[in-house]
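For reference, each letter of the sequence shown is one residue, going -14 to 277 in my numbering.
Where a beta carbon is used, it is the ideal one built from N, C-alpha and C, also for glycine.
These notes are about the structure you will find just below.
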Amino acid sequence: MATQDGNEEVVMETEATLKEPQPLCENVGEGNAEVSETVSRTDNAGESSSTQDPTVSNGDDSDEGKEMVDLKIIWNKNKYDLKIPLDGTGAKLKERIHSLTGLPPAMQKVMYKGLLPEDKTLREIKVTNGAKIMVVGSTINDVLAVNTPKEVIQQEVKAEENKKEPLCRQKQHRKVLDKGKPEDIMPSVKGTKERLPTVPLAGMYNKSGGKVRLTFKLEQDQLWIGTKERTEKIPMGSIKHVVTEPIEGHEDYHMMAFQLGPTEASQYWVYWVPIQFVDAIKDTVLGKWQYF
C-alpha cells in the first residue's frame, strides 16, 4: 500500500526482512551434515567416537598411541609416578617434572646414570620401565647455595668426609673396587705431578662398573664424561667440589667424585684415576686459586 510519506517502501522492506531467515533451515542441515561427516571420519580412523569439538584438548591427546614408560621421579625426598612417551626428549621430561614439582626446567638437574641430556630421547639413553630419575631442584636454598663461594662448600664437604670411614671401605664403592684394576688401565707414576694429556683419560670405571673416560675441553670450559652409551658435557663452573682418595692397597690410583649438585646423590664417581693426574684434574675443574 502506497502512502504519501513512503510507507510502502518500509512495508516492502519489512516483508523482505521477515522472509530472509527461511533459508536458515537449509544452513542448519548443512552444518549438521558437516558435523556428522567429521564424527564419521573420526570413528573410521579408530581414534575417537566422541562428538566433542576436535579443537578442545585436555593436554594428554599428544601421548595417545605412543609407547609409554613409567618412571619414578625422586626430588627432595619426595617420589612421583610419571608416565611419559619413550620417544620424548630430556627437555620434555623436564617440562613434565616442572608440572609435578613446580621446579622450572632451567633450574633442574636431572640424573639418570649421569646428567640426563636434553636433546636425546628416553629411548636413546635406554630408560626402562620403573627407572628412578633423580632431580636436583633449585629451591630458594639451592639458589643461595649457588652464590656460596666454592671454597666454603669444599670445606663443609671435607669436614663431613673426615667423620666417615675411608671411602674405599664403604660398601657402595667396594662393589666396584673389588672388580680389580681395569685391563686397559692407564699406567701410574708415583711421586710426580703431570699436566693433563691432550687425549682423554680412559681405562677407568664409574659407579655402575662401566668403563668411563674423561675429556677436558678447556676451550669450552667443559668436562666431558663419556661411557659406552653416551657422553655428558658438564660445564666446569657447575662442579662445586672434587672428592679424591687413594685406593687402599693401590695408593698410586685414586677414586674421584665430581660434585654436580648439593647432595651426595649428585656425585659422579670415577675409579682408578692415575695419581699423577689427580692434582691437574682438581686444578682444571676448580681453578688453581681454589685448590686445596
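For residue i, which residues of its own chain have a beta-carbon under 7 Å away from its beta-carbon, when the five flanking residues on both sides are left out?
i: Y256; result: V161, L162, M189, Y190 and M240
i: E179; result: Q261, F262 and A265
i: C153; result: L162, E230, I232, E233 and M240
i: N61; result: G122
i: R81; result: L67 and I69
Which class does residue i belong to by DSSP, given the choice of helix, strand or coil?
i: T113; result: coil
i: D104; result: coil
i: K196; result: strand
i: I266; result: helix
i: A59; result: Residue 59 is actually Ile in this sequence, not Ala. Looking at I59 - three-state DSSP - the assignment turns out to be strand.
i: T74; result: strand
i: E249; result: helix
i: G165; result: coil
i: L152; result: helix
i: T177; result: coil
i: K202; result: strand
i: P90; result: helix
i: K79; result: helix
i: E15; result: With a pLDDT of only 47 at E15, under 50, the local geometry of the prediction cannot be trusted, and no value is derived from it.
How should residue i be labelled, buried or exposed, when 16 other C-beta atoms within 10 angstroms of its C-beta is the threshold for buried?
i: G75; result: buried
i: K64; result: exposed
i: V184; result: exposed
i: K68; result: exposed
i: Q93; result: buried
i: K111; result: exposed
i: K202; result: exposed
i: M53; result: exposed
i: Q155; result: exposed
i: P89; result: exposed
i: P247; result: buried
i: Q79; result: Sequence check: residue 79 is Lys here, not Gln. Classification of K79: buried, given that the 10 Å Cβ count is 16 or more.
Check each candidate in the options and name the one with the smallest Cα separation from residue i.
i: I260; options: A250, I224, K164 and E236; result: E236
i: Y238; options: K77, T86, T113 and P167; result: P167
i: G87; options: E233, G246 and G122; result: G122
i: P231; options: M53, T200, L199 and K175; result: K175
i: D55; options: K164, T177 and I118; result: I118
i: L186; options: R198, G165 and K164; result: R198
i: E103; options: Q155, D169 and T216; result: T216
i: E204; options: K218, S193, K192 and G115; result: K218
i: A91; options: Y97, K98 and H83; result: H83
i: K192; options: G99, P89 and E80; result: G99
i: A250; options: I210, V120, K164 and T177; result: V120
i: K157; options: K57, Y253 and I58; result: The question names Lys, but residue 157 is Gln in the sequence shown. Checked all of K57, Y253 and I58; the closest Cα to Q157 is Y253.
i: L101; options: L85, V228 and I210; result: I210
i: T106; options: G165, K77 and T177; result: K77
i: Y97; options: R81, K57 and P151; result: K57
i: N114; options: G165, D66, P151 and L85; result: D66
Just to confirm the assignment, what range does the alpha helix (DSSP H) spanning residue i have?
i: Q244; result: Careful: Q244 lies outside any alpha helix (DSSP H), inside the beta strand (DSSP E) at H235 to Q244.
Using a Cβ-Cβ cut-off of 6 Å (strictly less than) and excluding sequence neighbours within five positions of residue i, which residues of its own chain qualify?
i: G50; result: none
i: G272; result: none
i: D108; result: Correcting the residue type first, residue 108 is Arg in the shown sequence and not Asp. Excluding residues within five positions, the ones whose Cβ falls inside 6 Å are L71 and D72.
i: T212; result: G195 and V197
i: E214; result: none
i: M171; result: G188 and P259
Between which two residues does the beta strand (DSSP E) carrying residue i extend?
i: V161; result: Where V161 is concerned, there is no enclosing beta strand (DSSP E), although the alpha helix (DSSP H) it sits in stretches over K156 to L162.
i: P172; result: P172 -> no beta strand (DSSP E), and no H or E assigned at all.
i: K94; result: K94 to M96
i: I219; result: T216 to P220
i: L186; result: L186 to N191
i: Q261; result: Here Q261 belongs to no beta strand (DSSP E), and DSSP marks it neither H nor E.
i: I210; result: Q207 to G211
i: T229; result: H226 to I232
Apart from the five residues just before and just after residue i, which ones in its own chain have a Cβ nearer than 8 Å to its Cβ?
i: D206; result: P220, M221 and G222
i: I224; result: L208, F243, Q244, L245, V270 and L271
i: V227; result: M241, A242, F243, Q244, I266, K267, V270 and L271
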